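To start, the structure itself, in structure tokens.
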Amino acid sequence: MAAGCLLFYERKLQQERLSKKTDIKTSGKPDIGGAFQLVDHHGNRRTDKDFQGHWFLVYFGYTFCPDVCPEELEKISAVLNILETMKLDCYLECGFITVDPERDTPDVMQKYLKDFHPRILGLTGTQGQVDVVTKAYRIYHSKSARDEDNDYLVDHTMYTYLMGPDGELVQYYSSSDWKSADELAKNISTHITSYQNKS
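Numbering (the working numbering), first residue to last: 137 to 335.
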């Protein structure tokens, strides 16, 4: 069961879930999110402050992931296309943060992301910087043993997070629970329009 991005850590988190497809209620400072310093796939320094004031959809994975990560990025690309038709994409920033900075340099991420929606921003950094952001977002990640070609897989938690303009968690989406781009786009659009109507 070592192939692909393993889901075993999701089972550890099941007791922490409030329920499927429901908002995570927070008071004060949220348990998810926080300060980070990374580099985007264009080589520009990025911090969490760059995304404040915008909705931020963020997924953690890595470019050498053989199956689930590209499937999730295809789904996110479809979501962005749907939001474009709804004229809501201008409110949303989208990030793909690597859990494998050893291999995912800005150049590698730039080439990889050419196959997905151009609004998806690749984010990488040093191992220390990635450890900081994955800890802030409660993303488990662990390298497998290297094979004879020095290749390895990275087991990691597979959630997509929707952060609000204030930088606080609005909702998280498990890849196993939210399989439809239409369903995901509808949920995100509901959050955005509700916020806009209150503003």
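Beta carbons are placed, not taken as given, at the ideal position from N, Cα and C, and that holds for glycine. Bear in mind that the values here come from a model prediction, so they are computed numbers and not experimental data.
Query - Beta-carbon spacing of I275, T262 below 9 Å - result: What you label residue 275 is simply residue 139 of the sequence shown in a count that begins at 1. What you label residue 262 is simply residue 126 of the sequence shown in a count that begins at 1. Not in contact: I275 and T262 (Cβ atoms no closer than 9 Å).
Query raised in the report: At what residues does the beta strand (DSSP E) containing Y273 begin and finish?
Result: The count along the sequence shown starts at 1 and reaches residue 273 at position 137. Careful: Y273 lies outside any beta strand (DSSP E) and carries neither H nor E.
Query raised in the report: Going straight from the alpha carbon of S330 to that of D313, what length do you get?
Result: As a first step, residue 330 must be located in the sequence shown, where it is residue number 194. As a first step, residue 313 must be located in the sequence shown, where it is residue number 177. Distance between the alpha carbons of S330 and D313 is about 23 Å.
**Report entry** Assigned exposure category for Q332 - 16 Cβ within 10 Å defines buried
**Finding:** If you number the sequence shown from 1, residue 332 lands on position 196. Sixteen is the threshold: since fewer than 16 other Cβ atoms of the shown chains lie within 10 Å of the Cβ of Q332, the residue is exposed.
Query raised in the report: Hey, how far is the Cα of C230 from the Cα of G170?
Result: By 1-based counting over the sequence shown, the position of residue 230 is 94. By 1-based counting over the sequence shown, the position of residue 170 is 34. Going by the C-alpha atoms only, they are around 16 Å apart.
Report task. Quick one: using the 10 Å Cβ neighbour count with 16 as the cut-off for buried, is S311 buried or exposed? Result -> As a first step, residue 311 is located in the sequence shown; it is residue number 175 there, counting from the start. Classification for S311: buried.
**Report entry** Bridge partners - E229, DSSP secondary structure assignment
**Finding:** On the sequence shown, residue 229 is found 93 positions in, with the first residue counted as 1. Assignment of beta-bridge partners to E229 by DSSP yields F192.
**Report entry** 7 Å Cβ shell around G303 - same chain, five flanking residues per side excluded
**Finding:** Walking along the sequence shown from the start, residue 303 turns up at place 167. Correct list, in chain order: G169, D184, Q188.
Query raised in the report: Comparing alpha-carbon positions, which option in S335, V235, S325 lies nearest T221?
Result: Locating residue 221 in the sequence shown gives position 85, where the first residue counts as 1. Cα-wise, what sits closest to T221 is S325.
**Report entry** Coarse secondary structure for T221, derived from DSSP in three states
**Finding:** For the purposes of this step, residue 221 is identified with residue 85 of the sequence shown, where counting begins at 1. Assignment of T221 by DSSP, reduced to helix, strand and coil, places it in the helix class.
Report task. Spell out whether any CB of chain B is found under 9 Å from the CB atom of E319. Result -> In the structure shown, chain B does not exist; there is a single protein chain.
Report task. Measure the CB-CB distance between Y288 and I233 and report whether it falls below 9 Å. Result -> For the purposes of this step, residue 288 is identified with residue 152 of the sequence shown, where counting begins at 1. For the purposes of this step, residue 233 is identified with residue 97 of the sequence shown, where counting begins at 1. Their beta carbons are not under 9 Å apart, which means Y288 does not touch I233 by this criterion.
Query - Residues that L257 bridges to, as DSSP identifies them - result: Your numbering for residue 257 matches position 121 in the sequence shown. The partner list for L257 (beta bridge, DSSP) reads G231.
**Report entry** Simplified DSSP assignment, three categories, for T289
**Finding:** In the sequence shown, residue 289 corresponds to position 153, counting from 1. Checking the sequence, you will find Leu at residue 289 rather than Thr. Secondary structure of L289 (DSSP, three-state): coil.
Query - Residue from G179, S213, A281 with nearest C-alpha to V194 - result: Within the sequence shown, residue 194 is the residue found at index 58, counting from 1. Here the closest residue by C-alpha is S213.
Query raised in the report: Under 9 Å between the Cβ atoms of D291 and K279?
Result: Residue 291 sits at position 155 when you count from the first residue of the sequence shown. Residue 279 sits at position 143 when you count from the first residue of the sequence shown. Yes, the pair counts as a contact, with Cβ atoms nearer than the cut-off.
**Report entry** Beta-carbon gap between H178 and Q265 smaller than 9 Å
**Finding:** Stepping through the sequence shown from its first residue, residue 178 is reached at position 42. Stepping through the sequence shown from its first residue, residue 265 is reached at position 129. No Cβ-Cβ contact shorter than 9 Å links H178 with Q265.
Requested in this report: Would you mind giving the Cβ-Cβ distance between L249 and L174, rounded to the nearest angstrom? I have them listed as a contact below 8 Å.
Outcome: For this step, residue 249 is matched to residue 113 along the sequence shown. For this step, residue 174 is matched to residue 38 along the sequence shown. For a cut-off of 8 Å, the C-beta gap from L249 to L174 is around 15 Å, too long to register as a contact.
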